[in-house]
Amino acid sequence: MLPLTRPRWLALGVASSRELREAETALADSEARFRLVFDHSVVGLLRVDADTGRILEANPAVCHLLDYRATALTDRSVSDLLPGDDGIDLDLTADHPSPAPSEHRLLRRDGRLLWVTLHLTPIAQEGLQPQVLVQVVDLSERRDAARELTHQALHDSLTELPSRLLLMDRAAVALARAKRGGHWVVAFFVTLEELPEVTSVMGQGGDDGVLHEVATRLRMLVRPADTVARVGTSSFVVLCELEASAQRTARGIAGALACRLVADLDEQVSYAGGVAQVRASVGVALATEGRADDLIDRAEAALRRASEERSTGVQASGDSSTTGEPALCPSDTPVAIAD
Numbered sequence: 013m014l015p016l017t018r019p020r021w022l023a024l025g026v027a028s029s030r031e032l033r034e035a036e037t038a039l040a041d042s043e044a045r046f047r048l049v050f051d052h053s054v055v056g057l058l059r060v061d062a063d064t065g066r067i068l069e070a071n072p073a074v075c076h077l078l079d080y081r082a083t084a085l086t087d088r089s090v091s092d093l094l095p096g097d098d099g100i101d102l103d104l105t106a107d108h109p110s111p112a113p114s115e116h117r118l119l120r121r122d123g124r125l126l127w128v129t130l131h132l133t134p135i136a137q138e139g140l141q142p143q144v145l146v147q148v149v150d151l152s153e154r155r156d157a158a159r160e161l162t163h164q165a166l167h168d169s170l171t172e173l174p175s176r177l178l179l180m181d182r183a184a185v186a187l188a189r190a191k192r193g194g195h196w197v198v199a200f201f202v203t204l205e206e207l208p209e210v211t212s213v214m215g216q217g218g219d220d221g222v223l224h225e226v227a228t229r230l231r232m233l234v235r236p237a238d239t240v241a242r243v244g245t246s247s248f249v250v251l252c253e254l255e256a257s258a259q260r261t262a263r264g265i266a267g268a269l270a271c272r273l274v275a276d277l278d279e280q281v282s283y284a285g286g287v288a289q290v291r292a293s294v295g296v297a298l299a300t301e302g303r304a305d306d307l308i309d310r311a312e313a314a315l316r317r318a319s320e321e322r323s324t325g326v327q328a329s330g331d332s333s334t335t336g337e338p339a340l341c342p343s344d345t346p347v348a349i350a351d
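To convert, count from 1 in the sequence shown and add 12; that's this note's numbering.
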């Protein structure tokens, strides 16, 4: 009797059926893992049709980020979330691999713009149209932190005035503008002569209160477009642009403004801890072009001369008739203008 054997075709059919079931099980497991990650990820995710840019699915994280319901995002185009001419390339094929993450602005439902990083990954599934998984990473906290660091670098922490770094940048811009326009840039270097005495009597709190009040007064004395910066413990710089073209006229106007600064700052300063009397000295420098640091250095040199020679202010300020205003400084006013 011949031994019974299973036909080869039957064995192959059983093997193919088993492999098919295993493949289907693996696919189901993969889809289940994808679904678990997609639904519960803390990162915003969009599944997008690569050909049309249509959003096929949005996870809860991206819905929360953009303040949309999932149904409101589904079937919309990704371009609807991008302002203006901003756009992303969804053609991720063998010839167009996944690009590097890129920063974009997305429109929230309330119209506000949100900075995000977009990571694009192709999804390859046999029998389905090409798709792209878009990861949406919120950059708000990082950008806010960077903005705060920049603000701290460019502003004085006590008075919130621009720092020397920001002053130099604005002075360079103003000098470039003056060179093109033929007008003058003026730097007033202001120092509070008696601030150490306030500190010794009132303590550090008194010092801070006086500086706050002085910063407020300086801001009120100049135009919104002018710059008031704190450049030292008791030193400030006021930067202005004057439309005058003649040097003598510009010097006269600058001298009158310097005298006003001194007159206002020499008044009693009230703050939370009491009342203090300070004295201000001012050095002035003018330029129609050149380097920002040269302009500020010349103003500081004039300040030293003003502090040493209390009677040089009116003479250095020029003839008051050039401005059409009476001289505002008494003879001992500590104001000097650089040559």
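All C-beta atoms, glycine included, are put in the ideal place defined by N, C-alpha and C.
Within the stretch 263-326, the beta strand (DSSP E) runs of at least 3 residues that lie entirely inside it are, in chain order, 281-283, 286-288, 292-299. Sequence-distant Cβ neighbours of T171 in its own chain, meaning closer than 7 Å and more than five residues away, are L223, H224, A227, R242. Here the stretch 58-67 makes contact with the stretch 145-152; the two share three or more CB pairs at distances below 8 Å.
Within its own chain, the residues whose Cβ lies closer than 7 Å to the Cβ of D238, once the five positions on either side in sequence are excluded, are V250, L251, C252, listed in chain order. Of L269, M232, E312, A157, the smallest CA-CA separation from L173 is found for M232. Rounded to the nearest angstrom, the gap between the Cα atoms of A199 and L298 is 6 Å. Where T129 is concerned, the enclosing beta strand (DSSP E) starts and stops at 125-135. If you check the CB distance, V60 and A73 do not come in under 8 Å.
Under the criterion of beta carbons closer than 8 Å, L151 and H195 do not qualify as touching, at roughly 41 Å. Take L277, set aside five residues on each side of it, and the residues of its chain with a beta-carbon closer than 6 Å to its own are A292, in chain order. Of the candidates T83, G56, D51, C271, G56 places its Cα closest to the Cα of L77. Taking the Cα positions, L130 is about 18 Å away from Y80. Per DSSP, the unbroken alpha helix (DSSP H) holding Q164 starts and ends at 152-166. Judged by DSSP secondary structure, L57 falls within the beta strand (DSSP E) whose first and last residues are 56-61. Within its own chain, the residues whose Cβ lies closer than 8 Å to the Cβ of R121, once the five positions on either side in sequence are excluded, are L78, D79, Y80, A84, listed in chain order. Scanning the stretch 178-265 from its first residue to its last, the whole beta strand (DSSP E) runs of 3-plus residues come out as 196-204, 239-244, 247-254. When the alpha-carbon of D156 is set against those of L179, L126, P142, D181, the nearest one is in L126.
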